[in-house]
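Trainee: Numbering (this note's numbering), first residue to last: 14 to 224. Note that CB positions come from ideal geometry on N, CA and C, so glycine has one too. Keep in mind the model is a prediction, meaning the values are calculated, not measured.
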Amino acid sequence: MTLKKLLYWFWSTLFIGGASALILSSIFEWSAGSDLFGPIPKQLLLSLTLAALAELGFFSFLVFNWLAKGLIRQKSAYDLFLLFLMLIVLGDWVYLNLSKFNGESLWLHLLVPFTVLLAAFIVAGLKVKWTQKTAYVPTFFFMVVATVIEAVPTFHTKAGEIPLLMILHAVIVLLICNAWQILQLHRLAAPGTNRKLLRKETKQKPAPGIK
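1. Under the three-state reduction of DSSP, which class applies to Thr62: helix, strand or coil?
2. Cα-Cα, which of Val186, Lys17, Ala137 and Ser44 is closest to Leu57?
3. Count the other CB atoms, across all protein chains shown, that sit within 10 Å of the CB of Pro52; report buried if there are 16 or more and exposed otherwise.
4. Apply the 10 Å Cβ neighbour rule to Phe155 and answer buried if 16 or more other Cβ atoms are within range, or exposed otherwise.
5. Sort Ala183, Val129, Ala32 and Val136 by Cα distance to Val102 and report the nearest one.
6. Pairs of beta-carbons, one from the region 17 to 35 and one from the region 56 to 76, closer than 8 Å: are there three or more?
7. CB-CB under 7 Å to Thr160, same chain, minus the five flanking residues each way: which ones, in chain order?
8. So does the region 122 to 139 actually touch the region 65 to 85, counting three or more Cβ pairs closer than 8 Å?
9. So, for Phe23: in the same chain, excluding its five sequence neighbours on each side, which residues have a beta-carbon less than 7 Å away from its beta-carbon?
10. Go through its chain and collect everything with a Cβ distance to Leu49's Cβ below 7 Å, but skip five positions before and after it.
Written out as structure tokens, the structure reads:
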């Protein structure tokens, strides 16, 4: 990955995260009929924070993926390992919702895990379509586990329980950022070819038989 591609990944993710967060904030505030996210500067700061958090999670996933593949060489065993970790994270998440919420609130809060699973299913399908079948499990794992871990601060705050729309807002923004990053990975990591240099070398190379 070149410096140009690295900068493109960084700034494009920040832009997408910031734009999507501001749009979602407006939609949720309109549907709720109240000022949930505060003034625009505060919303912008929150959106950029979520985008930066998604970038940190993506980088951590790349390091984890590299180390885990070095330890577990067999593809099937590696996929099972990822699925096992994903089940632990999902189980813990659902258990926390069951223990913290009850009644109608419980079913509303279970909407968030279902949203994450649906988004992971769609993004993993697109990743396979654009790359190869072996990318399905790692992509699904990243979309679920990374999003859940990145969203943990929104579930547990010292201020007490926060509105469901604010939790859903943070999770959707993280899903959008993570989807953008994982779907761009194969393009960013692909070795680029300097076409101008090749053309220059071709022009300078003498024709056969001419010295």
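Mentor: By the coordinates alone:
1. The count along the sequence shown starts at 1 and reaches residue 62 at position 49. Helix.
2. Along the sequence shown, read from residue 1 onward, the residue named residue 57 stands at position 44. Comparing Cα-Cα distances from Leu57 to each of Val186, Lys17, Ala137 and Ser44, the minimum goes to Val186.
3. Your numbering for residue 52 matches position 39 in the sequence shown. The residue is exposed, with fewer than 16 neighbouring Cβ atoms inside 10 Å.
4. Numbered from 1 along the sequence shown, position 142 holds the residue referred to as residue 155. The residue is buried, with at least 16 neighbouring Cβ atoms inside 10 Å.
5. Numbered from its first residue, the sequence shown carries residue 102 at position 89. Ranking the options by Cα distance to Val102, first place goes to Val129.
6. yes
7. On the sequence shown, residue 160 is found 147 positions in, with the first residue counted as 1. For Thr160, where only same-chain residues beyond five positions count, the Cβ hits under 7 Å are Val129, Val184, Leu187, Leu188 and Asn191.
8. no
9. In the sequence shown, residue 23 corresponds to position 10, counting from 1. Taken in chain order, the residues that qualify are Glu68.
10. As a working mapping, residue 49 is identified with position 36 in the sequence shown. Within the same chain, Phe41, Glu42, Pro176, Leu178 and Met179 come within 7 Å of Leu49 by CB-CB distance, once the 5 residues on both sides are set aside.
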